[in-house]
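Engineer: At position 45 of the sequence shown the residue is numbered 56 (this note's numbering), and the sequence of numbers has no breaks.
Just so you know, even glycine gets a beta-carbon here, dropped at the ideal spot from N, CA and C.
I am attaching a structure below and will ask some questions about it afterwards.
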Amino acid sequence: MTKITTIHTDSLELFDTHAHITSDFFSENAINVLKSSFYGKFPEKIENSSKFEKKWNFQISGILNVATSLDTSHEVVKLSSDFPQIYAAVGIHPNNIDDSSHDEWQEIIELSKNIKVAAIGETGLDRYWDTVPFEIQREYFERHLDLAKKRNIPVVIHSRNCDGDMLEILNNHAKLSPILGVIHSFSSSPEVAEKFLEMGLYISFSGSVTYSNKKFSQIRESAKTIPNERILIETDSPFLTPHPFRGKIEKNTPLMTAFVAQTLSGLRNCSIADIAKITTANARQIFGTQNNNVNTKKLNEK
Ligand SMILES: [Zn+2]
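See below:
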């Protein structure tokens, strides 16, 4: 008997639309983390936890592995060529822009031509960590938006403490043509979500939707209102471990999207199987990963 985990027919397939499974966060463990997600294996501490009741088998059928720098852009492209389930997003995170970014940008453009690059990012704006001047963040955000449009692939957007600026910039772009993209780890109100939806964007929920503190309540309110066609799930691994395992494991991993799906099923009054089905189909739609063919991307009609 081999010890390879059987792929159960009653497994729920999940697609983690935002993870950072790279050596800077997972050192030499990155590959094992990916494999255990495909085999449906949660971190050991969780499998053994009294708080963990396994009613379903989960399996990660796709991961968008998101770069935050030139080095990680190279790495996610390499990993995506090693695993059919992995797709890459290349870009420079707004908090990582520095003097070398100008020269590195040309290489990001080259990498974006790779067949497994399914999105541009992580890009966006961040007024929480004020380490990079806002005008520079804005300039690079515009570059990422233009590159995504040129390649006809989605843009992965980070937006922290800057709803006003974000809406203004995206509105200017949306006036010209619909924006294919995702607001990742959505953390704002239903009113802000509505505006992003009007521009054609998808909304992705991370472990923060599982947190019960009052300051996260608007995320849960938003999660009730997103139409089925535009909702996605993610981990933002290694960050944002879902409740009740926050602080219990050192690093969040892609399979933990199961807990995000579980919370959404409660908030949206539907089964976890429905959430898995809807969000996986949406991920395949926006990232064009049907039958592993990244050329089937369609612009969201709107
Ligand atoms: Zn991220």
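Taking contact to mean at least 3 C-beta pairs separated by less than 8 Å, is the segment 259-266 in contact with the segment 225-240?
Structural biologist: Contact fails: fewer than three Cβ-Cβ distances are below 8 Å.
Engineer: Check whether the Cβ of residue 35 sits closer than 7 Å to any heavy atom of ligand 1, and report yes or no.
Structural biologist: Because no heavy atom of ligand 1 lies under 7 Å away, the Cβ of residue 35 does not count as near it: no.
Engineer: On the three-state DSSP scale, how would you describe residue 113?
Structural biologist: Three-state DSSP puts residue 113 in a helix.
Engineer: Indicate whether the contact test is met: 3 or more Cβ pairs, each with one atom in the segment 291-302 and one in the segment 47-64, closer than 8 Å.
Structural biologist: The segment 291-302, when compared against the segment 47-64, does not touch it at the 8 Å Cβ threshold.
Engineer: Note the first and the last residue of the continuous alpha helix (DSSP H) segment covering residue 154.
Structural biologist: Note, residue 154: alpha helix (DSSP H), 145-162.
Engineer: Between residue 203 and ligand 1, is the CB less than 7 Å from at least one heavy atom?
Structural biologist: No - ligand 1 has no heavy atom lying nearer than 7 Å to the Cβ of residue 203.
Engineer: Between the alpha carbons of residue 153 and residue 225, how many angstroms are there, rounded?
Structural biologist: If I take the Cα positions, the gap works out to 34 Å.
Engineer: Using 8 Å for Cβ pairs, my map puts residue 87 next to residue 134. What's the rounded Cβ distance?
Structural biologist: At roughly 14 Å, the Cβ-Cβ gap does not stay under 8 Å, so residue 87 and residue 134 are not in contact.
Engineer: Which ranges does the alpha helix (DSSP H) cover as unbroken runs of at least 4 residues, wholly within the segment 63-121, from first to last along the chain?
Structural biologist: The segment 63-121 contains these whole alpha helix (DSSP H) runs: 81-93.
Engineer: For residue 27, which three-state DSSP category applies?
Structural biologist: Strand, per DSSP.
Engineer: Assuming residue 219 contacts residue 251 (C-beta within less than 8 Å), just tell me the rounded distance between them.
Structural biologist: That belief holds up - the Cβ atoms of residue 219 and residue 251 are roughly 6 Å apart, short of 8 Å.
Engineer: Ends of the beta strand (DSSP E) at residue 133?
Structural biologist: Note, residue 133: beta strand (DSSP E), 128-137.
Engineer: Would you give the residue range spanned by the beta strand (DSSP E) that residue 169 belongs to?
Structural biologist: Segment 166-171, the beta strand (DSSP E) holding residue 169.
Engineer: Counting pairs of beta carbons, one from the segment 25-36 and one from the segment 77-84, are three or more of them closer than 8 Å?
Structural biologist: Short answer: they touch.
Engineer: My output table needs one value for residue 298: the three-state DSSP class, helix, strand or coil.
Structural biologist: It is helical.
Engineer: Check residue 218 in the structure and name its three-state DSSP category.
Structural biologist: Reduced to three states, the DSSP call for residue 218 is helix.
Engineer: Comparing alpha-carbon positions, which option in 97, 142, 276 and 269 lies nearest residue 42?
Structural biologist: Comparing Cα-Cα distances from residue 42 to each of 97, 142, 276 and 269, the minimum goes to 97.
Engineer: Can you give the beta carbon distance from residue 119 to residue 101, rounded, assuming they're within the 8 Å contact cut?
Structural biologist: Yes, they are in contact, since the Cβ atoms of residue 119 and residue 101 sit about 6 Å apart, within 8 Å.
Engineer: Could you please give the first and the last residue of the uninterrupted beta strand (DSSP E) stretch that includes residue 244?
Structural biologist: Note, residue 244: beta strand (DSSP E), 242-244.
Engineer: Contact defined as beta carbons within less than 8 Å: I believe residue 108 pairs with residue 148. What is the distance between those atoms, to the nearest angstrom?
Structural biologist: Confirmed, about 7 Å.
Engineer: Going residue by residue through the segment 233-290, where are the continuous alpha helix (DSSP H) segments of at least 4 residues, counting only ones entirely within it?
Structural biologist: Listed in chain order, the complete alpha helix (DSSP H) runs (minimum 4 residues) inside the segment 233-290 are 268-278.
Engineer: Residues in the same chain with beta-carbon distance under 6 Å from residue 297, minus the five sequence neighbours each way, listed in chain order, please.
Structural biologist: So the list reads 165 and 213, once near-sequence residues are dropped.
Engineer: Tell me the DSSP secondary structure of residue 51 in three-state form.
Structural biologist: Coil.
Engineer: If I'm right that residue 227 touches residue 271 with Cβ under 8 Å, what's the distance once you round it to whole angstroms?
Structural biologist: No, residue 227 and residue 271 are not in contact; Cβ-Cβ is about 13 Å, not under 8 Å.
Engineer: Does the Cβ of residue 31 lie closer than 7 Å to at least one heavy atom of ligand 1?
Structural biologist: Yes, the Cβ of residue 31 comes within 7 Å of a heavy atom of ligand 1.
Engineer: Is residue 133 near ligand 1, with its Cβ less than 7 Å from a heavy atom?
Structural biologist: Answer for residue 133: yes, Cβ within range of ligand 1.
Engineer: Could you pull the start and end residues of the beta strand (DSSP E) that residue 192 belongs to?
Structural biologist: From DSSP, the beta strand (DSSP E) with residue 192 extends over 192-194.
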